[in-house]
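So the sequence shown is residues 4 to 959, counted in the numbering used here. Comments concern the structure below.
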Amino acid sequence: MQASAPQPTADQRDLAEVLRERIEGEVDTSTLRRAEYSSDASNYRIVPEVVTFPRSTEDLIAITEVSRETGTPLHLRGAGTSIAGNAIGRGIVVDTSRHLNRIHSLDPEARTAKIDPGVVVAQLQNAAKPYGLRFGPDPSTWTRCTVGGMIGNNACGSHSLAFGRTADNIIDLDVIDGLGRRYTAADDLSVVSGLDEFTLRHLATIRTEFGRFGRQVSGYALEALLPERGHSLAQLLVGSEGTLATVLGATVRLVEVPSAPVTVALGYPSMFEAADDIPALLAHKPGAIEGLDARLTEAVRRHYGPAAIESLPDGGGWLLIEMPGADAGDALARAKALVADSAAISHTIVDDAAAAARLWRVRADGVGLASRTLDGEQCWPGFEDAAVPPEQLGAYLREFDKLTASHGIEGMPYGHFGDGCIHIRLSIPLERDGAAMRRFMLDAGRLVADFGGSMSGEHGDGRARSELLPLMYSDEAIAAFGELKALFDPRNLLNPEVLVHPAPLDQDLRRPQALPMPKVRGGFAWAHDGGDFTKATHRCVGMAKCRADNRAAGGFMCPSYMASRDETHSTRGRARVLQEMINGELVDGGWRSQEVADSLDMCLSCKACSTDCPAGVDMAAMKSETLYRKYRGRLRPMSHYVLGQLPRWQKLMSPLAPIVNGMFSVGWLRRLMLPLAGVDRRRSIPKVSASTFYGDRRRAERSGEAVAATAPRGERTRVMVWADSFSNGFAPGIDHDVVRVLEAAGFEVVTPPQQVCCGLTWISTGQLDGARKRLAQLLDVFTPLVEDGIPIIGVEPSCTAVLRSDLLELFADDPRAQLIADATFTLSEVLGGRAPVKPSDTFTLPSLAGTEIVVQPHCHQHAVIGFDADRKLLQQMGAELTQLSGCCGLAGNFGLERGHYEMSVAVAGNSLLPALRKASDDAVFLADGFSCRTQADQLAGREGVHLATLIAQRLG
Numbered sequence: 004m005q006a007s008a009p010q011p012t013a014d015q016r017d018l019a020e021v022l023r024e025r026i027e028g029e030v031d032t033s034t035l036r037r038a039e040y041s042s043d044a045s046n047y048r049i050v051p052e053v054v055t056f057p058r059s060t061e062d063l064i065a066i067t068e069v070s071r072e073t074g075t076p077l078h079l080r081g082a083g084t085s086i087a088g089n090a091i092g093r094g095i096v097v098d099t100s101r102h103l104n105r106i107h108s109l110d111p112e113a114r115t116a117k118i119d120p121g122v123v124v125a126q127l128q129n130a131a132k133p134y135g136l137r138f139g140p141d142p143s144t145w146t147r148c149t150v151g152g153m154i155g156n157n158a159c160g161s162h163s164l165a166f167g168r169t170a171d172n173i174i175d176l177d178v179i180d181g182l183g184r185r186y187t188a189a190d191d192l193s194v195v196s197g198l199d200e201f202t203l204r205h206l207a208t209i210r211t212e213f214g215r216f217g218r219q220v221s222g223y224a225l226e227a228l229l230p231e232r233g234h235s236l237a238q239l240l241v242g243s244e245g246t247l248a249t250v251l252g253a254t255v256r257l258v259e260v261p262s263a264p265v266t267v268a269l270g271y272p273s274m275f276e277a278a279d280d281i282p283a284l285l286a287h288k289p290g291a292i293e294g295l296d297a298r299l300t301e302a303v304r305r306h307y308g309p310a311a312i313e314s315l316p317d318g319g320g321w322l323l324i325e326m327p328g329a330d331a332g333d334a335l336a337r338a339k340a341l342v343a344d345s346a347a348i349s350h351t352i353v354d355d356a357a358a359a360a361r362l363w364r365v366r367a368d369g370v371g372l373a374s375r376t377l378d379g380e381q382c383w384p385g386f387e388d389a390a391v392p393p394e395q396l397g398a399y400l401r402e403f404d405k406l407t408a409s410h411g412i413e414g415m416p417y418g419h420f421g422d423g424c425i426h427i428r429l430s431i432p433l434e435r436d437g438a439a440m441r442r443f444m445l446d447a448g449r450l451v452a453d454f455g456g457s458m459s460g461e462h463g464d465g466r467a468r469s470e471l472l473p474l475m476y477s478d479e480a481i482a483a484f485g486e487l488k489a490l491f492d493p494r495n496l497l498n499p500e501v502l503v504h505p506a507p508l509d510q511d512l513r514r515p516q517a518l519p520m521p522k523v524r525g526g527f528a529w530a531h532d533g534g535d536f537t538k539a540t541h542r543c544v545g546m547a548k549c550r551a552d553n554r555a556a557g558g559f560m561c562p563s564y565m566a567s568r569d570e571t572h573s574t575r576g577r578a579r580v581l582q583e584m585i586n587g588e589l590v591d592g593g594w595r596s597q598e599v600a601d602s603l604d605m606c607l608s609c610k611a612c613s614t615d616c617p618a619g620v621d622m623a624a625m626k627s628e629t630l631y632r633k634y635r636g637r638l639r640p641m642s643h644y645v646l647g648q649l650p651r652w653q654k655l656m657s658p659l660a661p662i663v664n665g666m667f668s669v670g671w672l673r674r675l676m677l678p679l680a681g682v683d684r685r686r687s688i689p690k691v692s693a694s695t696f697y698g699d700r701r702r703a704e705r706s707g708e709a710v711a712a713t714a715p716r717g718e719r720t721r722v723m724v725w726a727d728s729f730s731n732g733f734a735p736g737i738d739h740d741v742v743r744v745l746e747a748a749g750f751e752v753v754t755p756p757q758q759v760c761c762g763l764t765w766i767s768t769g770q771l772d773g774a775r776k777r778l779a780q781l782l783d784v785f786t787p788l789v790e791d792g793i794p795i796i797g798v799e800p801s802c803t804a805v806l807r808s809d810l811l812e813l814f815a816d817d818p819r820a821q822l823i824a825d826a827t828f829t830l831s832e833v834l835g836g837r838a839p840v841k842p843s844d845t846f847t848l849p850s851l852a853g854t855e856i857v858v859q860p861h862c863h864q865h866a867v868i869g870f871d872a873d874r875k876l877l878q879q880m881g882a883e884l885t886q887l888s889g890c891c892g893l894a895g896n897f898g899l900e901r902g903h904y905e906m907s908v909a910v911a912g913n914s915l916l917p918a919l920r921k922a923s924d925d926a927v928f929l930a931d932g933f934s935c936r937t938q939a940d941q942l943a944g945r946e947g948v949h950l951a952t953l954i955a956q957r958l959g
C-alpha cells in the first residue's frame with residue numbers, strides 16, 4: 004500500500020488559506036515542496052511551513068502583510084545558492100525567482116536598470132550586453148543567482164577590484180520593512196524613524212569598527228550611515244540578509260564591459276608567496292586577482308588530465324590577473340609592468356581570448372572539484388569566504404593552514420586574493436554531529452579577528468557565522484545591531500536567527516540527520532561514495548548549477564528544469580527530496596513515498612548532471628537505484644515490462660516485422676494498443692526491421708563474406724563492432740555502415756559470436772537484476788576477445804556509455820568490467836586516432852566541405868564519453884557545424900511513457916526543435932542516438948543520420 008504524505012497542520016492550513024486569498028501566485032504546503040525548500044546551498048536544514056511564489060510586487064507586499072498579521076517569520080529566497088543558510092527558515096519561504104523576474108527598464112545612457120528582485124544576473128547581463136554594459140559584481144553563481152540574493156548578501160565576485168561590491172552598484176531600493184512601511188531606500192535616513200539619532204549615537208563605534216577594508220561584509224554595514232559616506236540607506240540594507248526589510252525592486256548601476264583585457268598568470272613557490280605579493284600588484288590597479296593553490300590544481304590534473312593545467316606557468320601557487328586598458332596595447336603594457344614589479348618565479352601573459360579562457364578554466368574546474376578532498380572525502384562550506392585586509396593575506400594563510408592541520412581537516416584554498424577573500428570547503432566530519440564544526444569555527448573566527456578580518460567576505464553571515472560576530476565586533480557594536488534591528492523589524496519576523504539573536508552555528512545541520520544507507524546486493528556499488536547511498540545524495544550541497552541555462556557553454560543539465568523552471572524538476576530539488584527520504588522525518592514513506600515518486604517522475608535519466616554538476620551528482624543512477632529498491636519483488640508499471648524490456652520484445656518482433664509494422668500503422672489500433680503498454684497514444688513505435696544486423700553477419704560469415712570473431716587473425720588490425728539491440732533490430736543499416744567505414748579505414752572487422760545486450764532499458768527503469776543478468780552475459784562473451792587485444796566499437800552512444808560507466812558500478816568487484824570499459828570506443832574515437840588502434844596511413848576521410856550539419860549529441864555520450872572526438876572529426880572533414888546543447892527530450896523510454904509527453908516536447912523545445920526549424924532544407928541532421936533520431940522524426944518530421952552513414956555515403 005502506498006504510504007500517504009503527511010498532511011499540513013491546522014495552523015499551516017490557516018496560513019496557506021489566508022495567503023491563497025491574498026495573492027495570485029502559488030502557495031504550497033505539500034511535503035514535496037517543503038522538502039525541496041528545506042535547504043539552500045549551506046549545511047543547514049529547516050523545514051518551512053509554506054512556500055510561496057509571488058507573481059507581482061502586489062503579491063509580495065501581501066505576503067509581508069500576512070507575515071505580520073499572523074506573526075509568521077518571513078524568509079526571502081532567490082536561486083537558493085546562499086552558502087551560509089541565509090535563505091531558509093521555519094515560516095514563509097518566498098521564491099522570487101519563479102515569477103518576480105522582470106527587467107522593467109534599461110537606460111543605456113544613464114547606465115541604469117530597474118528590476119525585480121528575482122532577476123537572474125545572467126538575464127541582466129544578456130539584456131545589457133548589446134549596449135556594451137554589464138552589472139559589475141559577478142559571483143561564481145552568476146548564471147543562476149538572483150540580483151535580489153546578491154543584494155541580501157552584498158555579493159562581490161572576481162571583479163570587485165574594478166567594479167566593487169553589490170552595495171557599490173545599487174542606486175536605490177524599493178522596500179517594505181518589518182513595520183509595513185514602504186519607501187525608497189536611497190540617501191535619506193529620515194524615512195526610517197530614529198535612524199538619524201541612531202547614527203549620531205553610535206558615531207564613534209561606527210567610525211572605528213566598520214568599513215575598515217573592502218571585504219568587511221560581516222554584520223550590518225553601519226559605515227554606510229556616516230555623513231562622509233553619503234548616509235546611504237540603500238547601502239545599509241544591502242548585505243542585511245533580509246533581516247531589516249523586504250526588497251520589492253531595485254535600481255542598479257551598470258558599467259562598461261572592459262574592451263581588451265589581458266590575462267596574466269604568475270607562478271610562485273607556494274600559495275603563501277603569491278599572497279605576499281598582493282600589495283605590490285594592487286598598485287597597478289588590476290581588474291581582478293584570483294589565487295590558486297597547488298592542491299586545487301592537482302585535483303584538476305587528476306580529474307581532467309595533465310593537459311588541463313598545462314597553460315599554467317611553473318610553480319606551487321598562482322595568481323590569475325586580469326589587466327584592463329584603454330586599448331589592447333595599453334592593457335599589454337600595463338600587464339608587462341605588473342609582471343616586472345612582481346616577485347613571481349614564472350609568468351605567462353596572454354592577450355588571446357581563447358588562450359585566456361583556458362587559463363581561467365583551470366580556476367573554474369577547480370572550484371567544482373573543491374567540494375571533495377584529493378582523497379575523495381566530502382568537504383563542506385561554513386567558513387567558506389572569510390576575508391582579511393590584503394596586506395595580511397600571506398601571514399593569515401600560513402596560520403590558517405596550521406589551524407586546519409591541527410584540527411585534522413583538509414581543503415583546497417582559492418579565491419579573490421586581491422581583496423583578501425579566501426574560499427575553501429573543509430572536510431569537517433558532520434556525519435554524527437556538529438561538535439567538530441563548532442570547535443573549528445570558533446578557532447577560525449578568532450584567527451580572522453586577530454588579523455583584523457571579516458567572518459564573511461561576500462556570502463553573508465547567515466546561520467553559519469552570525470554567532471561569531473562578537474569575535475570581531477565590540478559589545479557596543481553588537482548592541483547597536485540589536486538597536487538597528489528594532490528600528491526596522493521590532494517583532495523579529497524578517498529572517499530571524501540571522502545576524503541578531505543568532506541561532507547556534509551547529510543547530511539545524513542537515514548532514515547529521517541522515518543515517519548511512521549501505522549498498523544492497525544487486526544495486527549500484529556507489530564506489531565513489533564509500534558504498535553509501537546517503538553520501539551519494541549528499542554530494543548535492545545546493546550550488547544549483549542545474550538551475551542555470553548552461554547551453555551556451557555546451558552544458559546539458561538540467562533539461563526538465565530548463566523546460567519547466569520548477570525546482571521540483573531540478574537535480575537539486577530531487578536530491579533534496581531523496582535526502583529528506585533518508586532523514587525520514589518529513590518524507591516518511593521511504594523508497595515508496597509519493598514525494599519521491601513525484602520528484603523523480605520527470606527526471607529524464609539523461610546523466611548530464613553526473614558531468615555538468617560541480618559535485619558530480621548522478622541523478623540517473625539515483626533514480627535507477629530508487630526504482631530498484633521500490634519495486635524489488637513487487638508488480639511494476641506496465642511500461643517497465645514493455646519499454647523497459649524492449650530488446651527482449653524486439654527479438655520476437657523482427658520475424659513478424661510486416662505484421663507488427665502493419666498493426667502500428669493503423670491509427671485507431673495504435674491508439675488502442677499503446678496505452679495498454681504504458682505508452683502515450685500520441686506517440687508511434689519505430690518500424691521494426693525484418694532483417695537484423697546479426698542475422699546478416701551470421702549468413703555472411705557462413706558464406707565467407709565476413710570474418711568470424713574466432714577466425715585466425717589476418718594482417719589487418721582487428722576490431723569488433725558491437726551492434727546494440729536498437730540498431731540491430733530497428734536500423735541495421737547503420738551497423739553495416741559502421742563496418743563499411745572501418746573496413747575502408749583498413750581494419751579487419753568482426754562481430755561478437757552471439758548477440759548480447761547491455762541492459763540499458765533495464766537500468767533506466769531500475770530493473771537492475773535484469774540488467775546485471777545481461778551484462779554478465781556480455782562480460783562472458785566480450786572478455787576473451789578483449790583479452791586477445793580486440794577493441795570494442797560501439798554503435799549506439801547510450802549503450803557504449805553503459806560499458807564505460809554503469810558496467811563498472813554494477814560489477815565493481817569484477818576486474819573484467821574495467822577491462823571491457825577500457826577497451827570500448829566510439830567510431831569517432833577510432834577514426835580520430837584517439838583509440839589504441841589507428842586507421843591505415845592510406846585512409847582519407849571524405850570531404851564535408853559546404854555541408855551544413857546540425858548535430859545532436861546524445862546525453863549519455865556527453866556525460867560519459869564526451870563529444871570532442873566527433874566534433875573535431877567533423878571539423879576535420881570541413882563540415883559547417885551547428886552543435887546542439889541539451890537533451891532531445893525523448894531520452895529512451897522516458898518520452899514514450901504515458902504522462903511524459905508534454906515534458907518530452909517541452910524539453911525538445913529547449914534546443915532541438917528551434918535548431919531544426921532554423922536549419923535549411925539541405926542541412927543534414929546528425930544524431931548517433933536512436934532516441935534523438937526518433938524524437939526529431941516524430942516531432943519535426945526530420946530524418947536523422949548516424950555518423951557512420953554520413954561518412955559511408957561519401958566514401959569513394
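Ideal Cβ placement from N, Cα and C applies to all residues, glycine included. What you are looking at is a predicted structure, and each value in this text was computed from that prediction instead of being measured.
Apart from the five residues on each side of it in sequence, which residues of its chain come closer than 6 Å, Cβ to Cβ, to residue i?
{"i": "Pro-756", "result": "Ala-712"}
{"i": "Thr-202", "result": "Leu-228"}
{"i": "Val-724", "result": "Val-741, Val-742, Val-752, Thr-754, Ile-796"}
Taking all protein chains shown into account, decide if residue i is buried (16 or more other Cβ within 10 angstroms of its Cβ) or exposed.
{"i": "Met-274", "result": "buried"}
{"i": "Ala-360", "result": "exposed"}
{"i": "Gln-653", "result": "buried"}
{"i": "Lys-610", "result": "buried"}
{"i": "Leu-655", "result": "exposed"}
{"i": "Pro-839", "result": "exposed"}
{"i": "Met-4", "result": "Only weak support exists for where Met-4 lies, its pLDDT of 32 falling under 50; the value from the coordinates is given anyway. Result: exposed."}
{"i": "Ala-286", "result": "exposed"}
{"i": "Thr-803", "result": "buried"}
{"i": "Gly-545", "result": "buried"}
{"i": "Ala-438", "result": "exposed"}
{"i": "Thr-847", "result": "exposed"}
Just grab the DSSP bridge partners of residue i for me.
{"i": "His-205", "result": "According to DSSP, His-205 bridges with nothing at all."}
{"i": "Gly-320", "result": "Tyr-271, Asp-296"}
{"i": "Asp-31", "result": "Val-54"}
If you measure between the beta carbons of residue i and residue j, is that distance less than 8 Å?
{"i": "Leu-607", "j": "Phe-897", "result": "yes"}
{"i": "Leu-295", "j": "Tyr-399", "result": "no"}
{"i": "Glu-68", "j": "Gly-183", "result": "yes"}
{"i": "Gln-510", "j": "His-541", "result": "no"}
{"i": "Leu-103", "j": "Ala-188", "result": "no"}
Please work out which residues of its chain come closer than 7 Å, Cβ to Cβ, to residue i, disregarding the five sequence neighbours upstream and downstream, and give them in chain order.
{"i": "Pro-507", "result": "Glu-470"}
{"i": "Ser-687", "result": "Phe-667, Arg-673, Gln-941"}
{"i": "Ala-13", "result": "Here the model assigns Ala-13 a pLDDT of 45, short of 50, so the residue's position is not dependable and the matter cannot be decided."}
Considering only residues of the same chain and omitting the five flanking positions on each side of residue i, which have a CB-CB separation below 8 Å?
{"i": "Ala-125", "result": "Trp-145, Thr-146, Arg-147, Ala-551, Asp-552"}
{"i": "Gln-648", "result": "Thr-764, Trp-765, Gln-770, Gly-773"}
{"i": "Arg-732", "result": "Looking at the sequence provided, one finds Gly at residue 732 rather than Arg. Counting only Cβ-Cβ distances below 8 Å, and skipping sequence neighbours, we find Pro-650, Gln-653, Lys-654, Met-656, Ser-657, Val-691, Ser-692, Thr-695."}
For residue i and residue j, which I take to be in contact (beta-carbon distance under 8 Å), what is that distance rounded to the nearest angstrom?
{"i": "Arg-435", "j": "Pro-521", "result": "With 8 Å as the limit, Arg-435 and Pro-521 do not qualify as a contact, their Cβ atoms being about 17 Å apart."}
{"i": "Phe-729", "j": "Glu-799", "result": "5 Å"}
{"i": "Ala-390", "j": "Gly-423", "result": "5 Å"}
For chain C, is any of its Cβ atoms less than 8 Å away from the one on residue i?
{"i": "Ala-489", "result": "Here there is only one protein chain, and chain C is not present."}
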